[in-house]
Structures are given as structure tokens and as C-alpha cells.
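Below is one structure; the comments refer to it alone.
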Amino acid sequence: MDRELTLELVRVTEVAALASSQWMGRGKKNEADGAAVNAMRAMFDTVAIKGTVVIGEGEMDEAPMLYIGEKVGCAESPEVDVAVDPLEGTNILAKGLPNALSVVAMADKGNLLHAPDMYMQKIAVGPRAAGKIHIDDPVERTLEIVARVQNKRISDCTVMILDRPRHKKIIEAVRNAGGRVRLIGDGDVGSAIYTAIPDTGIDLCVGIGGAPEGVIAAAALKCLGGEMQARLWPEDDAERSRCAQMGIADTSRILYMDDMVKGDAIFAATGVTDGELLKGVRMLGNDLAETHSLVMRYKNKTVRYIKAIHNLAYKANMVFGSPIYFD
Ligand code: VTB
5 MDRELTLELV RVTEVAALAS SQWMGRGKKN EADGAAVNAM RAMFDTVAIK
55 GTVVIGEGEM DEAPMLYIGE KVGCAESPEV DVAVDPLEGT NILAKGLPNA
105 LSVVAMADKG NLLHAPDMYM QKIAVGPRAA GKIHIDDPVE RTLEIVARVQ
155 NKRISDCTVM ILDRPRHKKI IEAVRNAGGR VRLIGDGDVG SAIYTAIPDT
205 GIDLCVGIGG APEGVIAAAA LKCLGGEMQA RLWPEDDAER SRCAQMGIAD
255 TSRILYMDDM VKGDAIFAAT GVTDGELLKG VRMLGNDLAE THSLVMRYKN
305 KTVRYIKAIH NLAYKANMVF GSPIYFD
């Protein structure tokens, strides 16, 4: 994968963020997601790759675009695997809450885990704790490690966890150990990434979230030198047989970074609503819109933050499908 692809990938998340942000706070998550998908799909057609969507909007029969197996890009090479989440946090965007992102990860063909749409148990940490944690450690022990390597007290550590009944025990355990908990409604791609960026104030991310989101987050953490460990979490026999089909017969198996993302990786994210890491899309008037993005690549470790001013009059078709204004 050429270095230039990193900047190409930002264009893809930017346009998806611009499109979905038009639905911010309107209570319509499906429309918001649809707008992100359409825009991202259209922009992918301008990127010089021969890409296959391995993590996308669903199976071919359930998603009209960016479905698993769909080909994207306008060139014959390089052959790459693409993992997309055009709008990570559809509910939070619909409610106008923070931390909605548009994200894409890319690796050489065959190098991304084709995670099925099911749950995944995850733990994510930044570079200082990478290599030192274990998914099966009690969270109290993980907190001790994360605090020690960062020269912090446990009481200074914040753990980001999806606000779900299934996390009741782990939330209690963190609090009893003296740690702080930030509960989020959605968006555990972001929370995993925040652990690897010091000024977000997030030290650890644990819990059960979507498996596709887990692989995307692993690609980002790989570029940042952090670590994610995971385990697929099938809920019934149909899901267990899907795991077996993809070569994971033993679902208790721990997935390490290389199991999820091999070799080089590129990751791009654009903020849709304001978040810990990126500002959301700002409408500046006169058809101008501002986006904030992050793009990085495992091979060279450069982390770029890109602020862009877009003139929507010049990309209305790409962003809106056709010009749509909410008067
Ligand atoms: C998480 C979260 C996503 O799904 O992966 C979550 O990061 C897991 O599913 O934004 P549940 O909502 O069933 O707990 C999302 O909320 C949506 O994909």
C-alpha cells in the first residue's frame, strides 16, 4: 500500500462525515447511516485501489451498499481489504450526542479478520500498557498495571465502557477498585482508540461490543502502538457455526493483534459530532463546512490530524446524493 493512500482514505471518511452530519440531532438514525454509506461508497469509486469490503454494512442480501464482499476502488492494484463503519454511533448522532465518527481501515488483501456481525469481548490499552495486559486478568489487576505504567494512581484512571446491563459486574469492579468509569451509549471504536492518545483522559476500554468494530479499532491501535485483545462472543449455534466457517472453531480462543490485522494497516477517522479525539463537522455558512480527521499508517507511525474546509457547493452530489437542504 502506497503512502499516498493514507490521504485518499481521509477523503472517504470526510465525505461520509459531511453527509451524515446533515442528520445530526434529527432523531433519524437510518437516514443518517444511509447518507454516510452513500457518500462513502461514491468517494471510494475515486480511490486507486482494488478493494474488497471485508467488514461493512452487512451481508450482500441485507445491505445495498458497502456489503461484505463488495468491490470498491477504481484501479487494478493494490489489492486491499477494506473495513468500513461509515457512521460509528448512529444512535448518538441521531440524538446529537458526542463521539460519532466515520471510520475506515485498510490492509493488504487477506490481512484483516473477516469478523462476522456478532459480539466480541474486548480490552484495549495504549502503548505503555501494550504487551503487559491480558484479557482474562481481573479488571482490578489490569487497572493496577495501567496505572503503574503511566505513573498514575488507580483513582486517576478512567475506564470507558459501553452502558449496557451486561457490563454491570465489570463497572462495579472498576469502581470498587477505585477507578473511574465513563459510560458511553455507543461507539466503542472511539473508546478503544482514546486509550492510545494521552490527552483524551481514557486509560482503558473493556467490555463486549460489536466484532466488526473490534477489528477496525485493532487496526487503529496497531498504528498507534497500543494493544487490543479480543474473543468472539457468539450467542447461539448459528453464530457459533459462523465462527467455525471462518476458521475459529474454538470461540474461546483469544484474538491478538496479528489475528485481527496482519502486516501494514492504514486507518482514517473523521469526527461527525464532537468527541474526545476529534471535533465534529461544523457548518460555517456560505456552504462551507469544516471537518477534523485523523489518519495514520502502521508502517511509518505518523499520526496526522487534518482540518479541512469543504465548499459543499462543489461536492453537493457526493455529500447529499442530490442537493438536499433542511430549510
Ligand atoms: C458497539 C458500539 C456500536 O454496537 O460495538 C455496539 O460501538 C454493540 O452492540 O456503536 P449493542 O448496541 O447491541 O450493545 C454499536 O452500538 C452499534 O454498532
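Here the working numbering is used: position 221 in the sequence shown is 225, and no number is missing along the way.
Glycine is no exception: its CB is placed at the ideal position from the N, C-alpha and C atoms.
Here the structure is a predicted model, which means the values were calculated and not measured.
Could you pull the start and end residues of the beta strand (DSSP E) that residue i belongs to?
| i | result |
| --- | --- |
| residue 233 | 231-237 |
| residue 310 | 307-315 |
| residue 128 | 123-129 |
| residue 322 | First-last for residue 322: 320-324, but that is the alpha helix (DSSP H), not the beta strand (DSSP E). |
| residue 194 | That residue, residue 194, is in no beta strand (DSSP E); its alpha helix (DSSP H) goes 192-198. |
| residue 301 | 292-301 |
| residue 112 | 105-112 |
Which value, in whole angstroms, describes the spacing of the CA atoms of residue i and residue j?
| i | j | result |
| --- | --- | --- |
| residue 291 | residue 11 | 23 Å |
| residue 174 | residue 122 | 20 Å |
| residue 104 | residue 249 | 32 Å |
| residue 236 | residue 215 | 7 Å |
| residue 137 | residue 90 | 31 Å |
| residue 63 | residue 156 | 44 Å |
| residue 270 | residue 264 | 14 Å |
| residue 95 | residue 33 | 6 Å |
| residue 319 | residue 134 | 41 Å |
| residue 5 | residue 66 | 30 Å |
How would you write the range of the alpha helix (DSSP H) that residue i sits in, first residue to last?
| i | result |
| --- | --- |
| residue 227 | 215-228 |
| residue 3 | Outside the shown range of the chain (5 to 331) lies residue 3, about which nothing can therefore be said. |
| residue 261 | 261-264 |
| residue 178 | 172-180 |
Are the CB atoms of residue j and residue i within a distance shorter than 8 Å?
| i | j | result |
| --- | --- | --- |
| residue 113 | residue 85 | yes |
| residue 223 | residue 109 | yes |
| residue 14 | residue 299 | yes |
Could you check what DSSP says for residue i in three-state terms: helix, strand or coil?
| i | result |
| --- | --- |
| residue 80 | coil |
| residue 54 | strand |
| residue 4 | Look at the range of the chain in this structure, 5 to 331, and you will see that residue 4 is not part of it. |
| residue 285 | coil |
| residue 33 | helix |
| residue 69 | coil |
| residue 328 | Low per-residue confidence applies at residue 328: pLDDT is 45, beneath 50, and the placement is therefore not dependable enough to give any value. |
| residue 203 | helix |
With a CB to CB cut of under 8 Å and the five nearest residues on each side skipped, what residues in its chain are close to residue i?
| i | result |
| --- | --- |
| residue 76 | 45, 48, 49, 51, 53, 55, 56, 57, 70 and 86 |
Enumerate in chain order the residues of its own chain whose CB-to-CB distance from residue i is below 6 Å, with the five nearest sequence positions on each side excluded.
| i | result |
| --- | --- |
| residue 182 | 158 and 159 |
| residue 206 | 162, 164, 198 and 199 |
Going by beta carbon distance, what residues of the same chain come within less than 7 Å of residue i, once the five residues before and after it are set aside?
| i | result |
| --- | --- |
| residue 144 | 177 and 181 |
Does any C-beta atom of chain B lie closer than 8 Å to the C-beta of residue i?
| i | result |
| --- | --- |
| residue 309 | Judged by its chain identifiers, the structure shown contains no chain B, having just a single protein chain. |
* Contact shell at 7 Å, judged by CB to any heavy atom of the ligand NAD, ordered along the chain -> Absence of the ligand NAD is noted for the structure shown, with the ligand VTB being the only ligands found.
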